[in-house]
């Protein structure tokens, strides 16, 4: 829809299709035919090797370290946006755009108008030097339903696909890790005192905050920590997972503001009021209310109203 939007405004537009996974490769023919139908010459590049180096290898290593990766957020920072900017400059263009539900003004990233589809969380990692070339499109200011109406007004009935799960995984991430050297090895699931509660078949199948069933016990238990070297999962009651302080390694700092901030520790989580103590190699975060299931490896994003202030990787 963004391509149609800019064409409608009489911009010179060159669509760019990146093949980053086998799924993208399978979509190539359909996408090429679609853009030919719309009167565009599609630029296609296969960058699967680059994607593997930057994202798939990171994904595997993060799970091996007992953390939970966020490949989509890192892909935007390390792969998609840098490649878009590089191609834009190569072709002699001034701006680029994507279909993300975000807004950019004066180099600052804002939430998209459609709050239910807002993707600023995933784009918060993108470097300021790349984001300054971003041109807002209809996905910046319209809701999904409004975009569908716009596309229909052009005589097209396009299916607007929902954002999919991890693009390089066919079925589920556990099978993917098994295919990449992770073994289903039996290990202990213990309480905080080291008492063995049950056996599990691989630490990489769990993430912090995950609810686990302990046979014969009525109480609910949740994963509190993961010890990869011992293939051990430590579980506890939910209240034992709550905290108000954590550390974060910054990825992109748009502004060094400290007042009136809220932090989001997962895409689907609500934002929580917080304070930050410094902008050094590690940022200490203090939240007003308790948060549960803080997950090392995930992305923390700080907002001031609907503007992104900074993003970073959550640490222990």
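Numbering (UniProt numbering), first residue to last: 1 to 316. The C-beta atom is built at its ideal place from N, Cα and C for all residues, glycine as well.
Spanning the alpha carbons of residue 96 and residue 88 requires a straight line of approximately 7 angstroms. In the structure shown, residue 296 falls within a coil segment according to DSSP collapsed to helix, strand and coil. Linking residue 36 to residue 205 through their CA atoms gives a straight-line distance of about 43 angstroms.
If you check the CB distance, residue 301 and residue 58 do not come in under 8 angstroms.
Residue pairing by DSSP places residue 170 in no beta bridge whatsoever. Assignment of residue 123 by DSSP, reduced to helix, strand and coil, places it in the helix class.
Rounded to the nearest whole angstrom, the CA to CA distance from residue 276 to residue 108 is 20 angstroms. Separation of residue 124 and residue 130 (C-alpha to C-alpha, rounded to the nearest whole angstrom) is 12 angstroms. For residue 251, the enclosing beta strand (DSSP E) has its first and last residue at 243-253. Under DSSP, residue 274 forms a beta bridge with 261 and 287. Remark: C-beta atoms of residue 248 and residue 286 do not approach each other more closely than 8 angstroms. Under the DSSP assignment, residue 234 falls in the beta strand (DSSP E) whose first and last residues are 232-236. Rounded to whole angstroms, the gap between the alpha carbons of residue 116 and residue 90 is 35 angstroms. Approximately 7 angstroms separates the beta-carbon atoms of residue 227 and residue 234; this is inside 8 angstroms, confirming the contact. Rounded to the nearest whole angstrom, the CA to CA distance from residue 200 to residue 25 is 36 angstroms. Taking C-beta atoms as the reference points, residue 299 and residue 308 fail to come closer than 8 angstroms. Residue 261 and residue 310 have their C-alpha atoms roughly 10 angstroms apart.
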